[in-house]
Structures are given as structure tokens and as C-alpha cells.
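Engineer: What follows is a structure written as C-alpha cells; I'll ask about it next.
Written as C-alpha cells, this is what we have:
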């Protein structure tokens, strides 16, 4: 971890070339993909090995008297967010928030007209704005994620997430969630699991919508964070968001944050990229039966197809590990009947 | 926060003179104090203003349709631990663990015979050992709380807490909990509250016993912490406890950690010292009806009496604030029928 960087910098430094590649990414949502929903378990999952592995795992750990039985208190399941619970293309949705916020802050910063990366950004030149690399992203994240109170930030995210639309689908970002994963969350909870998000995304950002969208309350969200300062403003206590990194919840940082926030090792972990490798290793490293699952983005027609060479959500080492260790690899194209919940809302 | 210090150093730096004062502290547990328990609400509480304030608060926020009604998801209650849920005299119980662990580690460290603070400690001279002040405590905490995995540490704490005995009462430390507060935790949970510990004590230390003793699961424990490192040892993932501070969860750090771990502002907060002042201010600073409660140690016969001039659990600024703001101040001597659960187990 670099103490001089802000929390988006490291986990999202690979975003640049993806933005460049944006027009090349195909995206269509054929209505034929929206299968009918029955009352069966995990209805948006095809009856393939992935679904069977999930159900077999849950049945083993919940069967009283079985040698694999796990008491409810220890049924901890951790989920990555970007690319695992919701989409992450063409750019991480939180970065879209940051870019939009630069535009809305521009009035208060007339000097930005002549200052990069803001000048390019305000001219609508995203590639130019991000040409400054990590330093440019650092500046963008700093001005958009600090200098305000936690309550002010929550309101900003709320206002954005309830109005902003995905550039390709025109849907709200909170509609760009994976229906099969929503069903999986509900299925696990119905079987006594406590579900957590453990994401490289900003902890305060995700908490604004995670309870409504995923049914996961704020105290079960773990993510990257900036430092906070407690102050009395006119006698009223506030928490100021400082332009300083607290923790990047990515890669080897995920097991560390799991210990710090949850204090129990998950028996099931779900991710989609190399940033999730250590979390899955940590879950698998415990005793008894464990589930480690990788969502592999293989469907260029209904979503996006990317893995080893992607600048966002790169899945390379974790794919090797999953194959070598026999983890469950979800092949979206073949395993998911439906991807997004459009049309069934 | 001082990055060069370890987590016990700052929050517990006042321990020195309390150790010196140890023999002067009175402690008796007259059996007459163990009142009978009925099925009424908070049976170990006398029917005084404190109990009535608690019940009035709970009834207001749980009454559907009332303008003070709070949905269950927002019924967050945060409790300090040392001096609020269990005793903290003559020294913080976690420091007793650290001192005992130095003794058990001595065999592996023959050089300690000639090295302070260990040499004095191993001769049984606690005052001499701690004469080195913060540096001595730093050394003691470093060698006892790091250099091992989280799992090894958990086992050490478990073995200690199930066998070690309080120097005055001869009871296990987990019996030195306040019966009225156990009832309060249960009463709040029965009314839809989610109860959290937010303590200056070590997060990994408290988690070992908090679920069994308080009914509070690891993921609802917030505390001070050291840094961790994720490693593969012979291919098996471990988390090493490093001799480096992560966060001191005390004073202004408490609201910060509440935001980071819980992400919602508590509507009720419970403490006993100046270290809890900002947590109580933070809880009170939200909208609607809120409960801020201070446990005031006033009973020199049945427990210990201490406040403004105590080196452990100093209650000075927070007592002023509580009086000025009209917070609930529990007068242990008059408000608690029973203090410890001895004899009813």
C-alpha cells in the first residue's frame, strides 16, 4: 500500500486503457435472455456444474449432524462488488461518479478551466483528462471524495446514483446488478448465512445503495476508505472526509480487512478478478468444506467478455488458481440464464 | 494518533499510577447485594431515574406511529467495554493478559533476565517493570501482541481468559462483568437494537469472549488494532500480527471507527470515561431522540469508586458534559441492585 496515494488510485489505476477501448466494447441485452422465473432455487442460473456446486455446498454445511455442518454464526460469505455483484465496464461506476462530480464542482473552481486534468475533463475530453495517469486520478478522487462531511457525501452519492445512467444501457447503475448474484445472496441468507461485501470500492460509496439493492446493511460493507476527522462545527459533531488514504481493500488487503471488520474467516467467498485472489485463498484455507467462486465474464453479447488482458477486472492469476485448485468458475455465457434484472422489475 | 506508538500505549498510559495505588482500592462483594431476579425489565436495576430514562427511550423509539419511532435497521447501540461492560480495576484486564504472557514467554527469552522492563516483571516487581513508562508498556505490548498469527493469538487469549483470575476477587475476568449491563444489552436486543462494542481495548482480544459473555458477535466488535500482514506459510494462508499500530479506538477515534465499521450513527451510546465523550456526542448529535449514558463508578464497597482523578477510567470532561447536557448518569451505588453476576450462575 502506498500511503501517499488515495484509495482509488491503486485499485483503479488500470482504468486508463479501458476508457480508451470503450467504443470497442460490445453490449446488447437481447430480451430472449430474460428467462421466466419460477419458484425453484436460483432460477436465473442454468442447471450446470456451477449451480450444482453452490447448492451442494450449502446443503452440506447446513445439514445438521453432518460432519460438514457449520453453525449459523460461522456461515460468513464475502462478496466482491465491482464485476461480481454489479458490472464494472466501461469504467468502475464509482469513477463515473467522481467524473460527474468534477463537472458539478466546476462552477466553484473557475481556475479549473486552465488546470489539468480538470480542463480536459470539462471540455468533455476524458482521455485527455486521464492522460496524466495516476496523478490525474488522484486529483480527481481527492476533490470529489474529501473536504466534505460523511453526511454530505452520502447525500451526493444518493442523488447521483438515483439519477445517473450507464453510458451504454441507459439504465441506472443500480440496475446493472447481476440477477443471478442477487438470487445467490438471498439463497445464502435464507440458509442462515450472513452476507458481506468486501470490495476495493469506497466503503462510504457502497453503503448508500447496498442495503436497498443487495439487502446488505452498512455494517456488513467492507471497502477502501479515506481517513476521517471528528470535529465540532458550531457545537455540532461532524466527520470530515480527509484527502488521505486509510486503507485499500484489494488483493492481500482483503483478508486483512475481513479480519478487522468481520473477525471470522468466511466459509464462502465470491470474486471475479485478481484483486479477489487472496480473499478466496483465505476462505479456502480454513478447515471443513469451503466455497470459492470466480465469476468469469465470458458473454460479449449480453454483457462484456474479458479476463487475462483486461485493464479493468483483470482475471489472470486468480483464474490459474481457480483452475489449479478446482474452485467454482462461473461461465456467465453458459451458467447464467439472465444477467441483469431489466424487464422483471 | 501517534503512529510510533502501539495501541495500548496511548489509551492506557495512565495505568502506571493506578498500579501504584492498587493496595488502597477497597473491594468487597457483600452477598446482600445479590438481589433476587424477577421477570421484570432490567431486574438488577433499582427503580430510579436511570432505569426510567432507559425504558422511556426504548419505548419512544420502538412505538410504531410515534414521531420518535426509529426503524429497526437504525437502532444501533454502541457500548464501551472497560468500565462499562466489565470492570477495569486495578488494571485493564488486557494488560493483565500481557503481563502474564511475558512470564510465559520468558523461557524463550533468557536475555530478559537482564533487560528491563522484563527483568523486574519476572522478579514479580510490577511497579519496577512499569517504571520505564510508555516505552516499557510499548515493549510489553509489542512482545505479547505481535509476531504470531491471528489464530495463535486467539488461542492464547482463550486459554488465558478461561483460567486467569482477578487478583482481588479470585473470579475469572469474564465473571467481572456488570449484571445490569448484561440485562441492558439483552433488553435492547429484544427491542430490535443491534448492539456493538466500541472500545479502546484490542479488537482481537475482545472477540475471543464477547460473543459468549455479552452475546455480541465478532463482526459487532470495534476496538483498537495492530497492523496485519497476509502471508502464505507453506502454502497455507495466515495473518501475522505486526508490531505496528493500526488504530487507537479511543476519544475522537471512536466516532471515526463507528463510521468505518458500522456506517450508521448510533442512537444510543454507553460509556464511563473521558475516552467515551466523543462517541456520546456523536450519538447525541443525530436527529430525533437519543440516549447517551455514563456509568459512574460510585460504589467503593461493592466495586470501586473513581472518577475525575482516576488514572484508569478517568471521568472528568465527560462527567461535565453529561451534567451540562442532561445525559443519563448511572450512579452505580444507588442505581444498581446487583453489580456482578456471582452466585447466580
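Chains as they are written, first to last, in the working numbering: chain A, 253 to 597; chain B, 253 to 597. C-beta atoms are modelled at their ideal positions from N, C-alpha and C, and glycine is treated no differently.
1. If contact is defined by three or more beta carbon pairs under 8 Å, each pair taking one atom from either stretch, is the region 578 to 591 of chain B in contact with the region 541 to 551 of chain B?
2. Which bits of chain A does residue 477/B rub up against, with CB to CB less than 7 Å?
3. Hey, out of 534/B, 502/B, 382/B, whose CA is closest to residue 525/B's CA?
4. Residues of chain A with CB closer than 7 Å to the CB of residue 601/B, please, in chain order.
5. With three or more beta-carbon pairs closer than 8 Å as the criterion, would you say the region 422 to 429 of chain B touches the region 334 to 353 of chain B?
6. Within its chain, find whatever has a CB closer than 7 Å to the CB of residue 364/B; leave out the 5 residues flanking it on each side and keep chain order.
7. So residue 398/B and residue 489/B are supposed to be a Cβ contact under 8 Å. How far apart are they, rounded?
8. Given that residue 402/A touches chain B, what residues does it touch there, using C-beta distances under 8 Å?
9. In the DSSP output, which residue or residues are listed as bridge partners for residue 458/B?
10. State the start and end residues of the unbroken beta strand (DSSP E) segment that holds residue 583/A.
11. Between the C-alpha atoms of residue 227/B and residue 543/A, what's the straight-line distance to the nearest angstrom?
12. Look at the alpha carbon of residue 356/B and the alpha carbon of residue 473/B, and state the distance between them as a whole number of angstroms.
13. Name the chain C residues that come within less than 7 Å of residue 459/A, Cβ to Cβ?
14. With burial defined as no fewer than 16 other Cβ atoms inside 10 Å of the residue's Cβ, what is the status of residue 276/B: buried or exposed?
15. Starting from residue 392/B, trace the alpha helix (DSSP H) in both directions and tell me its first and last residue.
16. Could you spell out the range, first to last residue, of the alpha helix (DSSP H) harbouring residue 317/A?
17. For the region 444 to 464 of chain A and the region 328 to 342 of chain A, state whether three or more C-beta atom pairs, one from each stretch, are separated by less than 8 Å.
18. Decide if residue 316/B is buried, meaning its Cβ has at least 16 other Cβ atoms within 10 Å, or exposed.
19. Quick one: is residue 441/A near chain B, going by C-beta distance under 8 Å?
20. Hey, which unbroken runs of the beta strand (DSSP E) at 3 residues or more fall wholly within the region 472 to 515 of chain B?
21. Tell me whether residue 376/B is buried or exposed, calling it buried when 16 or more other Cβ atoms sit within 10 Å of its Cβ.
22. Only counting the same chain, and skipping five residues up and downstream in sequence, which positions put a Cβ closer than 7 Å to that of residue 507/B?
23. Any C-beta of chain A within less than 7 Å: which residues of the region 527 to 540 of chain B qualify?
24. Under a Cβ-count criterion, where at least 16 other Cβ atoms within 10 Å of its own Cβ denotes burial, should residue 518/A be classed as buried or exposed?
25. According to DSSP, is residue 449/B helix, strand or coil?
26. Report the residue from 577/B, 585/B, 483/B whose alpha carbon sits nearest the alpha carbon of residue 558/B.
27. At which residues does the beta strand (DSSP E) containing residue 380/A begin and terminate?
28. Here's the rule: buried if 16 or more other CB atoms are within 10 angstroms of the residue's CB, otherwise exposed. What is residue 471/B?
29. When you compare the CB of residue 471/B with every CB in chain A, is at least one pair closer than 8 Å?
30. Once you ignore the five residues that flank residue 278/B on each side, which residues in its own chain have a CB closer than 6 Å to its CB?
31. For residue 572/A, count neighbouring C-beta atoms within 10 Å of its own C-beta (all shown protein chains included) and say buried if the count is 16 or more, exposed if not.
32. What does DSSP give as the partner residue(s) for residue 338/A in the beta ladder?
33. Would you say residue 325/A lies against chain B (beta-carbon separation less than 8 Å)?
34. With a cut-off of 8 Å on the beta carbons, I'd call residue 368/B and residue 384/B a contact; round off their distance for me.
35. Give me the chain A residues within the contact set of residue 504/B, using Cβ-Cβ distance strictly less than 7 Å, ordered along the chain.
36. Quick one: is residue 280/A near chain B, going by C-beta distance under 8 Å?
Structural biologist: The structure says:
1. yes
2. 512
3. 502/B
4. Here chain B comprises residues numbered 253 to 597, so residue 601/B is not present and cannot be evaluated.
5. yes
6. 358, 370, 371, 374
7. Not confirmed; about 18 Å, so no contact.
8. 511
9. DSSP lists no partner for residue 458/B.
10. 580 to 583
11. Since the first residue shown for chain B is 253 and the last is 597, residue 227/B is missing from the structure and cannot be characterised.
12. 28 Å
13. Looking at the structure shown, chain C is missing, and the protein chains on hand are A and B.
14. Low confidence applies to residue 276/B: its pLDDT is 36, below 50, so where it sits in the model is not reliable, and the reading given next is rough at best. Exposed.
15. 385 to 397
16. From DSSP, residue 317/A is part of no alpha helix (DSSP H); its letter is neither H nor E.
17. yes
18. exposed
19. no
20. 473 to 485, 488 to 499
21. exposed
22. 530, 531, 534
23. 530, 533, 534, 537
24. buried
25. strand
26. 585/B
27. Residue 380/A -> not in any beta strand (DSSP E); alpha helix (DSSP H) instead, spanning 378 to 381.
28. buried
29. yes
30. The pLDDT assigned to residue 278/B is 40, lower than 50, so where the model puts this residue is not dependable, and the model offers no usable value.
31. exposed
32. 334/A, 429/A
33. yes
34. 6 Å
35. 482
36. With a pLDDT of only 41 at residue 280/A, under the threshold of 50, the placement of this residue in the model should not be trusted; the figure read from the coordinates follows. Answer no: the Cβ-Cβ gap between residue 280/A and chain B never drops below 8 Å.
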